[in-house]
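Residue numbers (the working numbering), protein chains in the order written: chain A, 3 to 324; chain B, 1037 to 1372. Worksheet: one structure, shown below.
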């Protein structure tokens, strides 16, 4: 007993010494520091370490800012992306890149840089809206299928299989042929075509989360089905959707470009990366820059979204402890 | 003491592709306010299904109640509507799960999870639930509770998580606490602390506890009555003293013989019960234990023994229970 007391005293003395030391050095004395760690804070920290993901994020931000603020700086600096001065067309058309027109001018004398920036608006809008539609439908369908199982599961997943059975771009073209070509119809078509994959990913994610004991524990506390689904299952099952959704934005941008290239999407003179490519195709040999810039824009933006998604996947994986 | 919970001839069956699985087949017991019942048996003997049946947490289908009744304060739990059962769960009857590592939701702060049942059943505001949750954490012995309530489960150790689980279970002052092997996932020193905590809370609130375990040591320590289960059926029921010091069923003998003991000079080998528990789809004819019973006779293969009363509430389901000359180790002959 005496022995223990003795040890105790020494500990206290050491602590006192330590505190004095801290005070002497002007440090704040505080209890054991335990910063609260949350899944999101951890995710952001891990994401910041992934250089490719950060590069993707930066590029997406640049494109986003340029697209949103385009009205402020593009017309005065580069000229109108749509309207053309009919008297000047022959003088201005097919100019190679220069200080005045950094990306050159197209067949009708319009500034390619201006059109690429305005094309970004279309791409981002379609990408985000189409994926939003897919995610909303997909989450709902996946949740119903996984949570209730049985007949509803069979019906929803077989319906998804039917969607998968059609060649994607043909299905999209058929839908737009039905709805008529326009930007709105493009994102509606892409959005509707995207839900089955989201539903599948979400369903399997819920099925694995559902087996966790904390779901039983919540039920044993008297929580109702909707509450268990929304508070205990969803938050644990959305991580794959965030990843998949981010990557899907890239895919949707690509689909929009493909549809517009085929003339089923955004209609000229409204610029979109896809229809710019289509217009530039015939002049590829004489004026390759017209094709280069929208092509590069598609490549880099889609890549940026995929890199971001990839980074998010690693960052959201709690098992990847550094 | 008044009877709080009565389980009468409960039969919980599961329809599987191989046939009907009789997970619980005729369990009968009653639980008084403030009493502790231990349910003991091997894995797959129907202990957990009994507990889940009381909470009506059996997934249906494939599960179904084929017979019997569960009455809580004279209301049949089996006949309640879904909403009535929900208001019972967590509020009147609460459950502590086996694995504290997976029983807490990783995305919510511990305090929030403890407060959930308070918000559900007592209609507490977010704020008062938070305050109460911190108090509860303090009650279950978490130091610096108001601070720790803001932690996430992964910041808790196993023992702390089980304490948090207990705080969750007792948040609404339930009448009955069902603990399904609450200490199996913990190391021994923590086990004792958790059991002490449960006893303490029980004495304070006069809570009845159903302790499901295969650890006979726990049963001997904290339980008033014991039910020994085998193949979904109760084989022996009685007070701790009756079952431990005067067991009448060969299965109970087997369980006790397979315990390591330090109070016996003879440092002999443990005596295991030979064989495997039977499949619950094809339960052996007659007494379900007869293929493993060293005392089995012809009557055991042919006829299912009824629970026979041995006096003072001590019952056993064996043809020979209580008959003179049928004692532990008497006959090793006639083994199947």
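For each residue, glycine too, the CB sits at the ideal point set by N, CA and C. Here the structure is a predicted model, which is why all the values come from computation and not from measurement.
Helix, strand or coil for residue 290 of chain A, going by three-state DSSP, please let me know. Along the first chain, one-based indexing puts residue 290 of chain A at 288. The answer is helix: DSSP assigns residue 290 of chain A an H, G or I state.
Determine the chain B residues that contact residue 225 of chain A at a beta-carbon separation under 9 Å, and present them in chain order. Counting from 1 along the first chain, the entry for residue 225 of chain A is found at position 223. Going along chain B in sequence order, the residues near residue 225 of chain A (Cβ under 9 Å) are 1122, 1125, 1126, 1152, 1153, 1156.
Chain A contacts made by the stretch 1189 to 1205 of chain B, where a contact means CB separation under 9 Å: Cβ proximity to chain A below 9 Å picks out 1189, 1190, 1191, 1201, 1204, 1205 from the stretch 1189 to 1205 of chain B.
Tell me which residues share the same chain as residue 181 of chain A and place their Cβ nearer than 8 Å to its Cβ, disregarding the 5 neighbours each side in the sequence. Working through the first chain from its first residue, we reach residue 181 of chain A at position 179. Cβ within range, chain order: 187, 190, 191.
Short CB-CB distance (under 7 Å) between residue 1039 of chain B and chain A: Locating residue 1039 of chain B in the second chain gives position 3, counting from the first residue. Not flagged as an interface residue toward chain A: residue 1039 of chain B, since no C-beta distance is shorter than 7 Å.
For residue 1272 of chain B, which residues does DSSP report across the bridge? On the second chain, residue 1272 of chain B is found 236 positions in, with the first residue counted as 1. For residue 1272 of chain B, which the question treats as bridged, DSSP gives the partners B:1264, B:1352.
Three-state secondary structure (DSSP) at residue 1128 of chain B? Sequence index remark: in the second chain, residue 1128 of chain B carries index 92 (1-based). Three-state DSSP puts residue 1128 of chain B in coil, outside helix and strand.
Which chain A residues sit within Cβ distance under 7 Å of residue 1138 of chain B? Numbered from its first residue, the second chain carries residue 1138 of chain B at position 102. Correct list: 214, 215, 216.
Partner residues on chain A for residue 1093 of chain B, Cβ-Cβ distance less than 7 Å: Position 57 of the second chain, counting from 1, holds the residue named residue 1093 of chain B. Within chain A, the residues near residue 1093 of chain B are 218, 221, 222.
Considering only the beta carbon of each residue, do residue 1077 of chain B and residue 1265 of chain B sit closer than 7 Å? Walking along the second chain from the start, residue 1077 of chain B turns up at place 41. Walking along the second chain from the start, residue 1265 of chain B turns up at place 229. Judged by beta-carbon spacing, residue 1265 of chain B lies within the 7 Å limit of residue 1077 of chain B, meaning their Cβ atoms are closer than that value.
With DSSP as the reference, label residue 1245 of chain B as helix, strand or coil. By one-based count along the second chain, residue 1245 of chain B stands at place 209. Judged by DSSP in its simplified three-state form, residue 1245 of chain B adopts strand.
Is it buried or exposed, residue 166 of chain A, if we count other Cβ atoms within 10 angstroms and call 16 or more buried? For the purposes of this step, residue 166 of chain A is taken as residue 164 along the first chain, with counting starting at 1. Exposed is the call here.
Let me check one thing: in DSSP terms, what residues is residue 1044 of chain B bridge-paired to? Along the second chain, read from residue 1 onward, the residue named residue 1044 of chain B stands at position 8. In the DSSP output, where bridge partners are listed per residue, residue 1044 of chain B has B:1105.
Could you pull out every residue in the same chain whose Cβ sits closer than 8 Å to the Cβ of residue 1087 of chain B, ignoring the five residues on either side in sequence? Taking the first residue of the second chain as 1, we reach residue 1087 of chain B at position 51. Excluding positions up to five away in sequence, the list reads 1075, 1131, 1214, 1216, 1246, 1248.
Close beta carbons around residue 211 of chain A, own chain, < 6 Å, minus the five adjacent residues each side: For the purposes of this step, residue 211 of chain A is taken as residue 209 along the first chain, with counting starting at 1. Within the same chain, 235, 238, 239 come within 6 Å of residue 211 of chain A by CB-CB distance, once the 5 residues on both sides are set aside.
Run through the DSSP bridge pairs and tell me what residue 1215 of chain B is partnered with. If you number the second chain from 1, residue 1215 of chain B lands on position 179. Looking at the DSSP assignment, residue 1215 of chain B forms a beta bridge with B:1132, B:1247.
Taking the beta carbon of residue 90 of chain A as the centre, do at least 16 other beta carbons fall within 10 Å, making it buried, or is it exposed? Counting from one through the first chain, the residue named residue 90 of chain A turns up at place 88. Residue 90 of chain A is exposed by the Cβ-count criterion.
Kindly list the residues whose CB is nearer than 6 Å to the CB of residue 1056 of chain B, restricted to its own chain and excluding five residues on each side of it in sequence; keep chain order. Walking along the second chain from the start, residue 1056 of chain B turns up at place 20. Counting only Cβ-Cβ distances below 6 Å, and skipping sequence neighbours, we find 1049.
Anything in chain B within Cβ reach of residue 242 of chain A, meaning under 7 Å, just list it in chain order. Translated into positions along the first chain, residue 242 of chain A becomes position 240. Listed along chain B is no residue with a C-beta nearer than 7 Å to that of residue 242 of chain A; the closest approach is about 14 Å.
Kindly indicate which three-state DSSP category residue 86 of chain A falls into: helix, strand or coil? The residue given as residue 86 of chain A occupies position 84 in the first chain. Here residue 86 of chain A sits in coil by DSSP.
DSSP three-state assignment for residue 1364 of chain B, whether helix, strand or coil: As a first step, residue 1364 of chain B is located in the second chain; it is residue number 328 there, counting from the start. Annotated three-state conformation of residue 1364 of chain B is coil, per DSSP.
Quick check on residue 43 of chain A: buried or exposed, where buried means 16 or more other Cβ atoms within 10 Å of its Cβ? As a first step, residue 43 of chain A is located in the first chain; it is residue number 41 there, counting from the start. Residue 43 of chain A should be labelled exposed.
Which residues of chain A have a Cβ atom closer than 9 Å to the Cβ of residue 1131 of chain B, listed in chain order? Indexing the second chain from 1 puts residue 1131 of chain B at position 95. What residue 1131 of chain B touches in chain A: 218, 219, 222, 223.
For residue 1325 of chain B, collect the residues of the same chain with a Cβ closer than 6 Å to its Cβ; drop the 5 residues on either side in sequence, then sort them by chain order. Sequence index remark: in the second chain, residue 1325 of chain B carries index 289 (1-based). Taken in chain order, the residues that qualify are 1266, 1287.
Identity of the residues DSSP links to residue 107 of chain A by a beta bridge: Locating residue 107 of chain A in the first chain gives position 105, where the first residue counts as 1. Beta-bridge pairing links residue 107 of chain A to A:113.
Closer than 9 Å at the beta carbon, the chain A residues around residue 1135 of chain B: Looking up residue 1135 of chain B in the second chain gives position 99. In chain order: 215.
Rounded separation between residue 27 of chain A and residue 1184 of chain B - CA only: Counting from 1 along the first chain, the entry for residue 27 of chain A is found at position 25. Counting from 1 along the second chain, the entry for residue 1184 of chain B is found at position 148. Summary for residue 27 of chain A: the model assigns pLDDT 49, below 50, so the residue's position carries little reliability; its value from the coordinates is reported in the next sentence. Roughly 30 Å between the two C-alpha positions.
With a Cβ-Cβ cutoff of 7 Å, do residue 1285 of chain B and residue 1354 of chain B count as a contact? Here residue 1285 of chain B refers to the residue found at position 249 when the second chain is read from its first residue. Here residue 1354 of chain B refers to the residue found at position 318 when the second chain is read from its first residue. Cβ distance < 7 Å, so residue 1285 of chain B and residue 1354 of chain B count as in contact.
Any C-beta of chain B under 7 Å from that of residue 237 of chain A: In the first chain, residue 237 of chain A corresponds to position 235, counting from 1. Judged by the 7 Å Cβ criterion, residue 237 of chain A is in contact with chain B.
Output needed for residue 35 of chain A: all residues of its chain with C-beta closer than 8 Å, excluding positions within five of it in sequence on either side, in chain order. Taking the first chain and counting its residues from 1, the one referred to as residue 35 of chain A is at position 33. Because the pLDDT of residue 35 of chain A is 47, which lies under 50, any placement of that residue in the model is unreliable, and the number read from its coordinates should be weighed accordingly. Short of 8 Å from the beta carbon of residue 35 of chain A, and not among the five residues preceding or following it, lies no beta carbon of its own chain.
Within the same chain, show all residues whose beta-carbon is closer than 7 Å to that of residue 302 of chain A, passing over the 5 residues directly before and after it, in chain order. Locating residue 302 of chain A in the first chain gives position 300, where the first residue counts as 1. The answer, listed in chain order, is 61.
Under a three-way DSSP split, which group does residue 1309 of chain B fall into? If you number the second chain from 1, residue 1309 of chain B lands on position 273. In the structure shown, residue 1309 of chain B falls within a coil segment according to DSSP collapsed to helix, strand and coil.
Residues, ordered as in the chain, of the stretch 92 to 114 of chain A that lie near chain B by beta-carbon distance below 8 Å: The residues in question: there are none.
Report yes or no: is there a C-beta of chain D within less than 7 Å of the C-beta of residue 1143 of chain B? Checking the listed chains, one finds no chain D in this structure; the protein chains it contains are A and B.
Are there 16 or more other CB atoms within 10 angstroms of the CB of residue 1190 of chain B, so buried, or fewer, so exposed? Working through the second chain from its first residue, we reach residue 1190 of chain B at position 154. That one is exposed.
Pull the bridge partners of residue 1075 of chain B from the DSSP assignment, please. Start at 1 with the first residue of the second chain, and residue 1075 of chain B comes out as number 39. B:1248, B:1263, per the DSSP bridge assignment.
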